[in-house]
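Residues in the sequence shown are numbered from 1 upward in steps of one, following UniProt numbering. Built from N, CA and C at the ideal position, the CB exists for glycine as well. Keep in mind the model is a prediction, meaning the values are calculated, not measured. Take a look at the structure below.
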Amino acid sequence: MASKNVDADTIELSIGDFFIGMAADLKLVVLFTVITLAFIYVPIINESIIRSALGLIMVLFIPGYALIAALFPGKKDIDGIERTALSFGLSIAVSPLIGLGLNYTPWGIRLDPIVVCLSIFTFICMLVANKRRHELPVAERFGIDFVGVYHQFRGEVFSEDKTKLDKALTVVLIISILLSIATLAYVIAVPKQGEKFTEFYILGPDGKADNYPTKYTLGDQKPVIVGIVNHEYRNVTYDLVVALNDSATISNIYTEQLTLGDNQTWEKKIDLKPDRVGTNMKMEFLLYADGNKTAPYRECHLWVNATKTT
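Printed below as a string of structure tokens:
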């Protein structure tokens, strides 16, 4: 038992030393990823504009930087400008490739699978980068000297050798860069509203716009898939009504009320059963919005026949 405890303590210590020994830039990437996950999934803060800004950086920079860190652990492998440019370029390549791979899995291109895959990819690259850096002599390992950068910045702005004009231009340049980044983040996080509309569609039992059930035997029911997608930029309460219209009589054979948020999709397979015999009857799929029952907001229809049981 004692040996098992020693082994467990040794493993725990090794893992702790492994992460403690990570370079500052790798620790920041891991910390940034964890903070981004918090802003995506933790209630209240996941509704702030910060979520969009962090998500943008997570998609466009972090995966590429992690991959570059794993591929080029030495400080002389590539210079800082190349490392930064390749980080953006590889992120733009890696993120769509992960999405393309997810498209051929049962999970599909959804938020949770993409977040999980990007996070796992980043963490694996961080571990590889850390291992490869520790295989190099300390003097050859790549790292960012944040203290040195700070002192260099202070030297550029507050150096007595600089003229007032040079200092002013440096400050203006820094402010311009920060304002540009803030403006870009705001435009992406708060996009201009486009056209407001609702998608409303019906599909056959196999999920395709084909093979719709149009021949019924009275008493039998057959499935139809109904889909609604909200693009109204607000929460909308819909009333779905399926009515059978044979010119002489109109009767409701299915009703349901539901509320969808912006960009939310609702798709359901419903079983429909005509309540009377008839030929060329119009099965109307009517969608009402916000409780307005005077006229349907969207509508689809099928022409169906219903015969008596034999």
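Which residues DSSP lists as bridging residue i, in chain order
i    : result
Q257 : D239
K282 : N245 and W303
E199 : V229
N252 : A243
G74  : R141
R298 : L287
V224 : I270
Nearest-angstrom beta carbon gap, residue j and residue i [assumed within contact, 8 angstroms]
i    : j    : result
G99  : I114 : 6 angstroms
F285 : V242 : 6 angstroms
V59  : S91  : 7 angstroms
G143 : D25  : 7 angstroms
I253 : D275 : 6 angstroms
Y297 : T198 : 7 angstroms
Nearest-angstrom Cα separation, counted from residue j out to residue i
i    : j    : result
T170 : N235 : 47 angstroms
K215 : D290 : 33 angstroms
D239 : V29  : 47 angstroms
V304 : G261 : 33 angstroms
I202 : L272 : 13 angstroms
I270 : S52  : 36 angstroms
S119 : L179 : 29 angstroms
T183 : A129 : 33 angstroms
Y41  : L54  : 13 angstroms
T237 : A66  : 44 angstroms
K208 : E267 : 13 angstroms
D112 : L102 : 11 angstroms
A306 : V277 : 5 angstroms
G227 : N211 : 16 angstroms
P137 : K167 : 38 angstroms
S48  : I181 : 18 angstroms
I177 : P106 : 42 angstroms
V224 : L244 : 14 angstroms
T259 : L31  : 37 angstroms
T231 : I68  : It should be noted that the sequence gives His, not Thr, for residue 231. In a straight line, the C-alpha of H231 is about 39 angstroms away from that of I68.
Endpoints, alpha helix (DSSP H) assigned at residue i
i    : result
F88  : G80 to N103
K131 : L111 to H134
Y41  : A24 to Y41
Y65  : I62 to L71
Cβ-heavy atom distance, residue i to the ligand ADP, below 7 angstroms
i    : result
C125 : Among the ligands in the structure shown, none appear at all, so the ligand ADP cannot be discussed.
Limits of the beta strand (DSSP E) - the one that residue i falls within
i           : result
residue 337 : Because the chain is modelled from 1 through 310, residue 337 falls outside the range shown and cannot be assessed.
Y216        : K215 to T217
Short CB-CB distance (under 8 angstroms) between residue i and chain B
i    : result
L203 : The chain labelled as chain B is not found in the depicted structure, where only one protein chain is given.
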